[in-house]
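Have a look at the structure below before the remarks.
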Amino acid sequence: MLAVAVLAAGKGTRMKSSLPKVLQPLAGTTLVERVLASTRSLQPSRVLLIVGHQAERLEAELKQHPSTPEFVLQQPQNGTGHAVQQLLAPLGDFEGDLLVLNGDVPLLRAETLEQLLAQHRSSGAAVTLLSAHLQDPSGYGRVFVDGAGQVQAIVEHRDCSEEQRQNNLINAGIYCFHWPRLRQVLPLLSSDNDQGELYLTDSIALLKNAGHLVVEDLSEITGINDRRQLAECEAMLQERLRQHWMKEGVTFVDPASCSLSEDCSFGRDVQVEPQTHFRGHCQIGDNCRIGPGSLIENSVLGDDVHVLFSMLNGATLAKGCRIGPYAHLRPEAELAEGVRIGNFVEVKKSQIGAGSKVNHLSYIGDAQLGPDVNVGAGTITANYDGVNKHRTVIGAGSKTGANSVLVAPVVLGAGVTVGAGSTITRDVPDGALALGRARQVNKDNWQTINP
Ligand code: UD1
Ligand code: MG
Numbered sequence: 013m014l015a016v017a018v019l020a021a022g023k024g025t026r027m028k029s030s031l032p033k034v035l036q037p038l039a040g041t042t043l044v045e046r047v048l049a050s051t052r053s054l055q056p057s058r059v060l061l062i063v064g065h066q067a068e069r070l071e072a073e074l075k076q077h078p079s080t081p082e083f084v085l086q087q088p089q090n091g092t093g094h095a096v097q098q099l100l101a102p103l104g105d106f107e108g109d110l111l112v113l114n115g116d117v118p119l120l121r122a123e124t125l126e127q128l129l130a131q132h133r134s135s136g137a138a139v140t141l142l143s144a145h146l147q148d149p150s151g152y153g154r155v156f157v158d159g160a161g162q163v164q165a166i167v168e169h170r171d172c173s174e175e176q177r178q179n180n181l182i183n184a185g186i187y188c189f190h191w192p193r194l195r196q197v198l199p200l201l202s203s204d205n206d207q208g209e210l211y212l213t214d215s216i217a218l219l220k221n222a223g224h225l226v227v228e229d230l231s232e233i234t235g236i237n238d239r240r241q242l243a244e245c246e247a248m249l250q251e252r253l254r255q256h257w258m259k260e261g262v263t264f265v266d267p268a269s270c271s272l273s274e275d276c277s278f279g280r281d282v283q284v285e286p287q288t289h290f291r292g293h294c295q296i297g298d299n300c301r302i303g304p305g306s307l308i309e310n311s312v313l314g315d316d317v318h319v320l321f322s323m324l325n326g327a328t329l330a331k332g333c334r335i336g337p338y339a340h341l342r343p344e345a346e347l348a349e350g351v352r353i354g355n356f357v358e359v360k361k362s363q364i365g366a367g368s369k370v371n372h373l374s375y376i377g378d379a380q381l382g383p384d385v386n387v388g389a390g391t392i393t394a395n396y397d398g399v400n401k402h403r404t405v406i407g408a409g410s411k412t413g414a415n416s417v418l419v420a421p422v423v424l425g426a427g428v429t430v431g432a433g434s435t436i437t438r439d440v441p442d443g444a445l446a447l448g449r450a451r452q453v454n455k456d457n458w459q460t461i462n463p
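Using the numbering used here, read the sequence shown as starting at 13 and increasing by one per residue.
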């Protein structure tokens, strides 16, 4: 039997933020969500989240997620030991193991936790913790081990003597306790330390029978206390993601200048050009060329799509579309095969038929375009009357002249031609030429031209 407790009550003073520390995002996902996600494969029977500082905000945020933990309030926040003492009532005489995770250590792999649990269970220790050798261990608690490999004690950096600080084996803040044993020593913790807090790490010396597992990949145990560490973790996570996708056949021309979210997938032979970013849920087909200078958010791209200096959000593009430079595809832009969206064109909540072209300086919103439509430069769908949005429908093979305004609601049939500079306010039947502009008048001899 396994219970998981995540410590997330601290204020995160060093972050200097109005946001609770564990709600800081890393590649778009908060620290605490990441920690919770890393425990899912262990299938714990209970998951408890210790909250305190801005507890309501944290609860509100996490209730939107599928597997909401049990919230345990720690008030005031008197240290990590005090935090775990709050579990005495809710866990009671639970007989199993308790995995304790710091809410601010977000890059831990599920496999590492599985290994920790396996070692803990086979050794019969009262507690097994994750440790690591760091070149720069400053800030972390130091782990003191005897000749037999048993952990004797953990001493916090600020409580260490100069000599103790030379020990570079650190406590990662991840522990697997046998709960019935921990329950007995929790009431014995004292606040006799530099911060005057109850330290969970003091339970190690009290438990006597403590083991540790040394983690090799240091990115896994990096704790986030300030913005510098947040940025370092982001960099490590991005590196992990890019390495993964390079192995799967994605080319990054300038990897360090690009970022991804974990919810992205790429086909084969995708070329990601410099300064290109993918956020949220993105699905990119084979042979796409994205960037330079593009931002793709929550979008699905079929095979052979090219995007150049453009921004896509909530868009769906079929095979062979060509986007940009400088295009903006907004939510519910749905492009069929081979659509071309060019310079300074914005598309929102519109379906654009196969082979259609919107090449220059247009706004297409709340519209439905059939196949092979050619939208002339500067054509605008005037979809908003100040109160409601209305639809524009354009049939197959139609053409709009430069600078047309299509005042919605309006339906243009198939094979319609709209004269340049027209303002179209009435429906146009199939095959018709629509002209909606003042006839040109020339006034002769308006000026005297001297030869
Ligand atoms: C802690 C460990 C340290 C370890 C490091 C690893 C202790 C005393 N020290 O130090 O040995 O090397 O993590 O990252 O445990 N929290 C609460 N309630 C509180 C205080 C903290 O829930 O009253 C939570 C915080 O929100 C945070 C976690 O516990 O998620 C760790 O607290 P933090 O203050 O960051 O401890 P560190 O100084 O990093
Ligand atoms: Mg910390």
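Built from N, CA and C at the ideal position, the CB exists for glycine as well. Quantities reported herein were computed from a predicted structural model and do not represent experimental measurements.
Taken in chain order, the complete alpha helix (DSSP H) segments of 4 or more residues contained in the stretch 181 to 259 are 191 to 197, 214 to 219 and 239 to 259. Distances between the C-beta of N205 and the heavy atoms of ligand 2 are all 7 Å or more.
At a cut-off of 7 Å, the beta-carbon of T140 does not count as near ligand 1: no heavy atom of the ligand is closer than that.
The distance from the Cβ of A67 to that of A137 is about 33 Å, inconsistent with a contact at the 8 Å cut-off.
DSSP links I392 through a beta bridge to Y375 and V417. Taking 8 Å as the cut-off, the Cβ atoms of A379 and S368 do not count as close. Per the Cβ contact rule, the stretch 138 to 155 is not in contact with the stretch 59 to 73 (fewer than 3 Cβ pairs under 8 Å). Per DSSP, K455 lies in no alpha helix (DSSP H) and is assigned neither H nor E. Secondary structure in the stretch 42 to 121: the beta strand (DSSP E) runs of 3 residues or longer, each lying completely within the stretch, are 58 to 63, 82 to 85 and 109 to 114 in chain order. According to the DSSP assignment, Q164 belongs to the beta strand (DSSP E) that extends over V163 to V167.
In this structure V226 is exposed. Its beta-carbon is surrounded by fewer than 16 other beta-carbon atoms within 10 angstroms.
Contact between M13 and G108 holds: their C-beta atoms lie close to 3 Å from each other, under 8 Å.
In this structure, DSSP gives S269 a helical state, which the three-state scheme calls helix. Ligand 1 has a heavy atom closer than 7 Å to the beta-carbon of I166.
D204 and K33 have their C-alpha atoms some 26 Å from each other. V370 and S50 have their C-alpha atoms some 45 Å from each other.
If you look at R26, you'll find it isn't in any beta strand (DSSP E); DSSP assigns it neither H nor E.
For E346, the uninterrupted beta strand (DSSP E) run begins and ends at A345 to L347, by DSSP. When beta bridges are read from the DSSP output, V155 appears opposite I166.
Secondary structure at H132: helix, using DSSP grouped into helix, strand and coil. Here S374 is buried: its Cβ has 16 or more other Cβ atoms, across all protein chains shown, within 10 Å. A direct Cα-to-Cα measurement between G433 and R449 gives close to 7 Å. For Q36, no beta strand (DSSP E) segment is defined, and its DSSP state is neither H nor E. Your pair L212 and V112 checks out as a contact, with CB atoms roughly 7 Å apart and the cut at 8 Å.
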